[in-house]
Amino acid sequence: MDIEEIKEGILAILQELHEDIDFTAETKMVDDKVLDSFDLVTLVTELGEEFDVEITARDFIAQNFNSVDSLAQMIARLLDE
Numbered sequence: 312m313d314i315e316e317i318k319e320g321i322l323a324i325l326q327e328l329h330e331d332i333d334f335t336a337e338t339k340m341v342d343d344k345v346l347d348s349f350d351l352v353t354l355v356t357e358l359g360e361e362f363d364v365e366i367t368a369r370d371f372i373a374q375n376f377n378s379v380d381s382l383a384q385m386i387a388r389l390l391d392e
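Here the numbering used here is used: position 55 in the sequence shown is 366, and no number is missing along the way.
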């Protein structure tokens with residue numbers, strides 16, 4: 312799975328959470344509180360199911376969740392582990 316496919320999957324999940332937000336333009340989804348704690352828990356669950364990865368407390372930091380790009384990089388790394 313390449314990084315673009317990962318991004319598409321992430322965007323689909325994010326759009327289910329909030330269809331009114333342009334997530335491709337967001338670079339501080341956590342820092343600017345675009346996503347709340349409930350959204351993040353849901354996102355972690357959905358990403359785990361979609362990509363068959365386990366997102367642990369080590370990965371659960373704002374910089375991994377601030378943008379689609381940072382999420383995709385985290386997922387790609389987890390897929391390689």
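Idealized CB from N, CA, C, for every residue including glycine.
Problem set entry | Proximity below 9 Å, CB of D343 to CB of E337 | yes
Exercise. Would you say L328 and D350 are within 9 Å of each other, going by their C-beta atoms?
Worked result: yes
Exercise. Which residue spans inside the region 326-387 form an unbroken alpha helix (DSSP H) run of at least 4?
Worked result: 348-362, 373-376
Exercise. When the Cα of E267 is compared with those of V355, S348, A383, L389, which residue comes out closest?
Worked result: Since the first residue shown for the chain is 312 and the last is 392, residue 267 is missing from the structure and cannot be characterised.
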